[in-house]
Amino acid sequence: MEILVLMLLLTGVAVGQMLLYAKWVFRRLDYTCRLSREEAREGEEIEILETVANRKWLPVPWLKSEITTARWLDFAGAQSVVTDKTRFVPSFFICKSYQKVQRTWKVRCLKRGVFRLQSAVLVASDLLGMSSLSQPVEVDSQIMVLPGELDVPARFSSPRHLYGDFSVRRNLLADPFFIAGVREYAFGDPMNRIHWPATARERRLMVYQNEYTARQSAAVVLNIQSREFESREVIDAPAVEDAIRVCAWLFREVAGAGVPLRFLANGPVEEGSRAATVSEEYFGPEHVHDLLVLLARLELASTQPFGDFLAEWYDGLTASNLFLVTSYLNETILDFARGKAESGASVKIFVTAWLDEAPDDVEVYCLKDRGEGRI
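With our numbering applied, the sequence shown covers 2 to 376.
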C-alpha cells in the first residue's frame with residue numbers, strides 16, 4: 002500500500018512538473034539572434050550573437066535552438082546540417098532562474114550576396130525529460146557580403162593608365178589647351194590664334210592647330226551568361242562568380258585612377274526581375290561601394306543574350322575605355338570590340354575560361370590556362 006501511494010505521489014509530481022513546464026517554460030524567456038555586422042567582404046569572418054534570458058524563477062534545464070540561415074554562412078565548429086541553399090545550426094543552453102546566457106559564433110562568409118538569419122526554433126524539456134515543447138522565434142538580421150577581388154596575376158596589365166585627356170577624331174569644339182602644332186590661316190580663324198613666330202618664319206599667316214580631346218571615362222560590362230547558348234539560369238555558376246570578382250578588381254583599379262565609371266550587366270539585381278543592371282556614371286569611393294553592392298545583389302540569371310545586350314547598348318556606351326568581362330568568347334563579342342575600337346575607344350576583354358587562341362586585333366586577357374583549376 003505504501004509503495005502504491007509513493008508511486009502515485011511520484012507520478013503526480015512528474016505530471017505536475019510536466020504541466021508546469023508546458024505552461025511556463027517559454028514565458029518570460031527572451032531569445033535573440035543577430036549578426037555582428039551589416040556588411041562584410043567575401044571570405045571575411047563575422048560573428049553571430051545568440052542571447053537567452055530567463056526572467057523567471059523556473060529554471061530551464063534543457064533548451065535547444067535551431068537557427069535557419071543561408072548555407073554560405075559557415076559556422077566554425079558547428080555540427081550543422083546543410084541542404085541545397087539552407088544551413089540548420091543547433092545550439093544548446095542551460096538556464097538557471099533569472100539567468101542570462103550569451104553565445105558567440107564565428108562565421109565565415111563563403112560567397113557574395115545578401116544573407117539573412119531566416120528563423121529560429123526553440124525546443125525545451127521539463128526537469129525529467131518527459132515532454133518536448135517547441136516554439137518558433139522570428140529573427141530579422143541580414144548581412145550584405147560584397148564580392149572579393151580576384152588576385153589578377155602580374156602578367157595582366159592594369160588599367161591605371163587612365164589619367165588626363167586623350168585625342169579623338171572629332172568633337173564639338175577643339176580644346177584650346179591642347180596644341181598639336183601650327184597650320185596656315187583659314188577664313189574665320191580668330192586673330193588671337195595667330196602664331197606670330199611661325200608667321201614671321203613662313204611669311205604667311207599661321208595659326209595654332211588645336212586637337213579635339215575628350216575626358217577619360219570607363220565602363221565595365223559583365224556577361225552574366227556562362228555559355229553562348231544558355232537559357233535564363235546560369236549553368237556554370239563558378240565561372241560567372243569569377244567574372245564578378247574580376248569586375249570588383251576593375252572597380253578598384255579604375256577608381257584609383259580617378260576616372261568616371263559605370264557598370265552594365267545582362268542580369269538583374271532583384272529575384273525574378275527581367276531588368277538588366279545599368280548604373281549611372283560617377284567616380285569616387287562612394288560610387289565604387291555602390292557598384293560593389295550591385296555585384297553583391299546580382300542574380301545568376303540572364304535577362305537577355307549577351308550579344309543582344311551589346312547590340313542594344315552599342316550607341317549608349319560612349320566611354321573611352323571599355324572592359325568586357327565574360328566567361329566565353331565568340332564572334333559577336335569580338336565584332337562589338339572591333340567596332341568600338343574603330344570608333345576610338347580602348348577595349349579590353351577579360352575571359353575567365355581558357356582559350357585555344359585569341360585574335361590578334363583585339364586585346365584579350367585569358368585569366369586561366371588550359372591546365373589550371375578554377376581561379
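Quick reminder that beta carbons are idealized off the backbone N, C-alpha and C, glycines included.
Taking all protein chains shown into account, decide if Met-8 is buried (16 or more other Cβ within 10 angstroms of its Cβ) or exposed. The residue is exposed, with fewer than 16 neighbouring Cβ atoms inside 10 Å.
By the DSSP assignment, the alpha helix (DSSP H) with Gly-308 in it spans what residues? Unbroken alpha helix (DSSP H) run through Gly-308: 307-313.
For Val-260, I'd like the list of residues in its chain whose CB is within less than 7 angstroms of its CB, leaving aside the five on either flank, ordered along the chain. Around Val-260: Leu-163, Gln-217, Ser-218, Ala-219 and Phe-284.
At which residue ranges does the segment 262-325 contain complete beta strand (DSSP E) runs of 3 or more residues, listed in the order of the chain? For the segment 262-325, whole beta strand (DSSP E) runs of length 3 or above, ordered along the chain, are 262-266.
With 16 other Cβ atoms within 10 Å as the buried cut-off, status of Glu-51: Flag for Glu-51 reads buried.
Rounded Cβ spacing between Ile-225 and Ser-303 (contact assumed at less than 8 angstroms): Ile-225 to Ser-303, Cβ: 5 angstroms. Contact.
Indicate the three-state DSSP secondary structure (helix, strand or coil) for Lys-88 in the structure shown. Here residue 88 turns out to be Arg, not Lys, going by the sequence shown. Arg-88: strand per DSSP, three-state reduction.
State the Cα-Cα distance for the pair Lys-341 and Thr-33, rounded to the nearest angstrom. Going by the C-alpha atoms only, they are around 55 angstroms apart.
Within a Cβ cutoff of 6 angstroms, which residues of the same chain sit near Lys-97, ignoring the five residues on either side of it in sequence? If we look at Lys-97 and ignore the five residues flanking it on each side, its Cβ neighbours are Pro-60.
Since Arg-29 and Lys-57 should fall inside the 8 angstroms C-beta cutoff, what is the C-beta to C-beta distance between them, to a whole number of angstroms? Indeed, because the Cβ distance is near 4 angstroms, the residues count as touching under 8 angstroms.
Quick test of your reading: Val-289 and Phe-252, contact by CB under 8 angstroms. State the CB separation rounded to the nearest angstrom. By a beta-carbon distance limit of 8 angstroms, Val-289 contacts Phe-252. Their separation comes to about 5 angstroms.
Cut-off 8 angstroms between Cβ atoms - residues of its own chain near Ser-227, not counting five sequence neighbours on either side: Only Val-235, Ile-236, Asp-237, Ala-238, Ala-240, Val-241, Ser-328 and Tyr-329 meet the Cβ criterion.
Identity of the residue in Val-365, Lys-24, Phe-310 and Thr-69 nearest Gln-143 by Cα: Restricting attention to Val-365, Lys-24, Phe-310 and Thr-69, the CA atom closest to the CA of Gln-143 is found in Thr-69.
Figure out for me which residue from Ser-321, Leu-356, Glu-358 and Asp-357 has the closest Cα to the Cα of Lys-349. Put simply, of Ser-321, Leu-356, Glu-358 and Asp-357 the residue whose alpha carbon is nearest the alpha carbon of Lys-349 is Ser-321.
On the three-state DSSP scale, how would you describe Glu-358? The answer is coil: DSSP assigns Glu-358 none of H, G, I, E or B.
Using a Cβ-Cβ cut-off of 6 angstroms (strictly less than) and excluding sequence neighbours within five positions of Arg-263, which residues of its own chain qualify? Cβ contact annotation for Arg-263 (same chain, cutoff 6 angstroms, sequence separation greater than five): Ala-220, Ser-280 and Glu-282, in chain order.
Under three-state DSSP, which class holds Tyr-366? Looking at Tyr-366 - three-state DSSP - the assignment turns out to be strand.
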